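Here is the structure we will look at.
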Amino acid sequence: MAEEGKFPRLFGTNGVRGVVNSKEMDPLFAMRLGMAIGTFMKGPVMIGTDARTSNEMVKSACASGLMATGCNVLDCGIIPTPTLQYAVKTGKVAGGVVITASHNPPEFNGIKAIDKDGTEMNRENEEAIERIYHEGSFVRTDWTRIGRLATHATAIERYIGGIISKVDVAAIRGANLRVAVDCSNGAAGFVTPKLLERLGVRYVTLNADANGAFPGHNSEPTPENTKDLVELVKSGKFDFGFIHDGDADRTIFVDENGRYLYGDRSLAIVAKYVCSQKKGRLVVTTVGGSMCIEDAVRMAGGSVIYTKVGSPIVARAMMEKGGAFGGEENGGLIFAEFQYCRDGAMAAAKMLEIVAKEGKLSEVNDRIPQYSQCKVKTACPDESKQKVLTELSSSAEGRRIDTTDGIKIFFDEGWVLLRPSGTEPIFRIYSESKTKAKAEQLAEDYKKRVEKIIRG
Ligand code: MG
Numbered sequence: 010m011a012e013e014g015k016f017p018r019l020f021g022t023n024g025v026r027g028v029v030n031s032k033e034m035d036p037l038f039a040m041r042l043g044m045a046i047g048t049f050m051k052g053p054v055m056i057g058t059d060a061r062t063s064n065e066m067v068k069s070a071c072a073s074g075l076m077a078t079g080c081n082v083l084d085c086g087i088i089p090t091p092t093l094q095y096a097v098k099t100g101k102v103a104g105g106v107v108i109t110a111s112h113n114p115p116e117f118n119g120i121k122a123i124d125k126d127g128t129e130m131n132r133e134n135e136e137a138i139e140r141i142y143h144e145g146s147f148v149r150t151d152w153t154r155i156g157r158l159a160t161h162a163t164a165i166e167r168y169i170g171g172i173i174s175k176v177d178v179a180a181i182r183g184a185n186l187r188v189a190v191d192c193s194n195g196a197a198g199f200v201t202p203k204l205l206e207r208l209g210v211r212y213v214t215l216n217a218d219a220n221g222a223f224p225g226h227n228s229e230p231t232p233e234n235t236k237d238l239v240e241l242v243k244s245g246k247f248d249f250g251f252i253h254d255g256d257a258d259r260t261i262f263v264d265e266n267g268r269y270l271y272g273d274r275s276l277a278i279v280a281k282y283v284c285s286q287k288k289g290r291l292v293v294t295t296v297g298g299s300m301c302i303e304d305a306v307r308m309a310g311g312s313v314i315y316t317k318v319g320s321p322i323v324a325r326a327m328m329e330k331g332g333a334f335g336g337e338e339n340g341g342l343i344f345a346e347f348q349y350c351r352d353g354a355m356a357a358a359k360m361l362e363i364v365a366k367e368g369k370l371s372e373v374n375d376r377i378p379q380y381s382q383c384k385v386k387t388a389c390p391d392e393s394k395q396k397v398l399t400e401l402s403s404s405a406e407g408r409r410i411d412t413t414d415g416i417k418i419f420f421d422e423g424w425v426l427l428r429p430s431g432t433e434p435i436f437r438i439y440s441e442s443k444t445k446a447k448a449e450q451l452a453e454d455y456k457k458r459v460e461k462i463i464r465g
């Protein structure tokens, strides 16, 4: 569906991912991709990994490829993705590479390229790297110019200092807060506890040891994987709990009563707070974002713009339109004042500031309206996707629609979003309404319509 260009696509929405030692993610692949990235970046590259068992294998191969092209490599070790992004942004290097499969199961790993400004690489630059990879048009540098490998040990300290400079430390310290944090055996274990200490927050950790076997639970912060944290929060006096995904670019919160807050809630809470600090601020989220975000932003005198699904797209729109805050409903929050990427530790620090200043998380949450979402999908051959979109938009005549990503149709009581997958033969159908029953009814109704159009 997506514009593929001349060469097969390697990078997905969040870098290249694959099962380790399959052809998609073995050392040969990692080295070749490293050579392509180095040929493109033409300068010093910072590299870091999450906590997976394959981290050193993939990193070493990729670093080897980078050095072959003449790039010096600065190895940051195990490090959250946003920490490496901050190091790149502030480090006067040509770019960065993160070896991570984020929230995927332990047998996966991935390679993600970071632009020299610390943002996730845009599609155009990824395509340039893919072209070099497929053509094999690598720089093979002269033996006198082969890149060197050095350890870079200050990235975490600088990142923590950067976050601290962007939150109200006095307010946080003064509130005498106590939190529970689940690091999901990922890279967050090296950062978040240190950050909490520096902020004067008492804490109890779960799964803070980086361990790629993921003995605690898998690294996606779903309600299922958050059960231990919920139990811990319920069992003691905590102001709230939070959980990071494997590479700590996302954070999901649990209120002081142990209630799991879906990512759209924290997005709305922080958006409202950010907008309340200065009039007329702009928040960016995707067309799949809950109505509670817009409600919250309007309550604080701000406005919302919507983009296609995908956090790099949200970040780019924030840069272009001057958005103060943005993110996705999966717990990925982006703070323009700090850096244009999802940032799990920054999200936690900002939530500490909000609770310190505005009171209990449950009450802060309850001040924002609640909605219910429903997400379903149905099989759809690639060749039928355009027909489905065309027929859906003509059948929606007279209604307000948004075609930013697929088609979003608005009703008095909510909306339905219909999106063909760019990578799989499926059509996704999301809906939202005041009640669960209405949201489900909308999604089921439109699922049937899509299936009818496919059958012709
Ligand atoms: Mg992640």
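Taking the working numbering, the leading residue of the sequence shown gets 10, the next gets one more, and so forth. All residues carry an ideal CB built from backbone N, CA and C; glycine is no exception. Fair warning: this is a prediction, and the values are worked out from it, not measured in the lab.
Any beta strand (DSSP E) of 3 or more consecutive residues that is wholly inside the region 113–138: 117–123
Whole beta strand (DSSP E) elements within the region 315–348, 3-residue minimum: 334–336 and 342–344
Boundaries (first-last residue) of the alpha helix (DSSP H) holding alanine 481: No information on residue 481 is available, as it lies outside the stretch 10 to 465 that the chain covers here.
Distance CB(valine 279)-CB(leucine 342) smaller than 8 angstroms: yes
Beta strand (DSSP E) segment containing leucine 215, residue limits: Where leucine 215 is concerned, the enclosing beta strand (DSSP E) starts and stops at 211–215.
DSSP state of histidine 253 mapped onto helix, strand, coil: strand
Cβ of aspartate 218 within 8 angstroms of any chain C Cβ: No chain C is present in this structure, which holds just one protein chain.
Nearest candidate by alpha-carbon position, reference glycine 415, set Arg140, Tyr168, Cys284 and Leu401: Leu401
Segments assigned alpha helix (DSSP H), at least 4 residues, entirely inside the region 339–424: 353–367, 370–375 and 394–404
Pairwise C-alpha distance: isoleucine 172 and aspartate 218: 22 angstroms
Classification of aspartate 248 by the beta-carbon crowding that lies within 10 angstroms, buried from 16 upward: buried
Sufficient close CB pairs (3 or more, under 8 angstroms) joining the region 421–435 to the region 366–378: Touching, no, given that fewer than three Cβ pairs across the two stretches are closer than 8 angstroms.
Whole-number beta carbon distance between glycine 250 and glutamate 190, since they are thought to touch under 8 angstroms: The sequence given here places valine at residue 190; glutamate does not occur at that position. Indeed, because the Cβ distance is near 7 angstroms, the residues count as touching under 8 angstroms.
Arginine 26 CB to nearest heavy atom of the ligand MG below 7 angstroms: no
Assumed close pair valine 213, alanine 257 - CB separation to whole angstroms, cut-off 8 angstroms: Contact annotation, valine 213 with alanine 257: C-beta distance approximately 18 angstroms; criterion of less than 8 angstroms not satisfied.
Check: tyrosine 248 C-beta below 7 angstroms from any heavy atom of the ligand MG: What sits at residue 248 in the sequence shown is aspartate, not tyrosine. Because no heavy atom of the ligand MG lies under 7 angstroms away, the Cβ of aspartate 248 does not count as near it: no.
Stretch pair the region 319–328 + the region 224–232: three plus CB contacts closer than 8 angstroms: no
Any heavy atom of the ligand MG nearer than 6 angstroms to the CB - residues listed: Ser111, His112, Asp254, Asp256, Asp258 and Arg259
CA-to-CA distance, alanine 446 to leucine 370, given in whole angstroms: 27 angstroms
Sequence-distant residues of its chain with Cβ nearer than 8 angstroms to leucine 186 (five each side left out): Val210, Arg211, Asp248, Leu361, Val364 and Ala365
Distance, methionine 76 Cα to glutamate 12 Cα: Low confidence applies here, because glutamate 12 scores a pLDDT of 46, under 50, leaving its location unreliable; read the following figure in that light. In a straight line, the C-alpha of glutamate 12 is about 32 angstroms away from that of methionine 76.
Neighbour-count burial assignment, proline 224, 16 or more Cβ in a 10 Å radius: exposed
Boundaries (first-last residue) of the alpha helix (DSSP H) holding glutamate 38: Looking at the sequence shown, residue 38 is not glutamate but phenylalanine. 36–50 is the extent of the alpha helix (DSSP H) around phenylalanine 38.
Own chain residues within Cβ distance below 8 angstroms of arginine 408, not counting five before or after: Ile418, Phe419 and Phe420
Close Cβ partners of glutamate 33 (< 6 angstroms) along its chain, the five nearest in sequence each way excluded: Gly27
Alpha helix (DSSP H) segment containing alanine 189, residue limits: Where alanine 189 is concerned, there is no enclosing alpha helix (DSSP H), although the beta strand (DSSP E) it sits in stretches over 187–191.
Beta-carbon contacts of glycine 319 that lie in its chain and below 6 angstroms, excluding the five residues immediately before and after: Thr22
Local conformation of alanine 11 per DSSP, three classes: Note that alanine 11 scores a pLDDT of 42, beneath 50, so its modelled location is shaky and nothing firm can be said.
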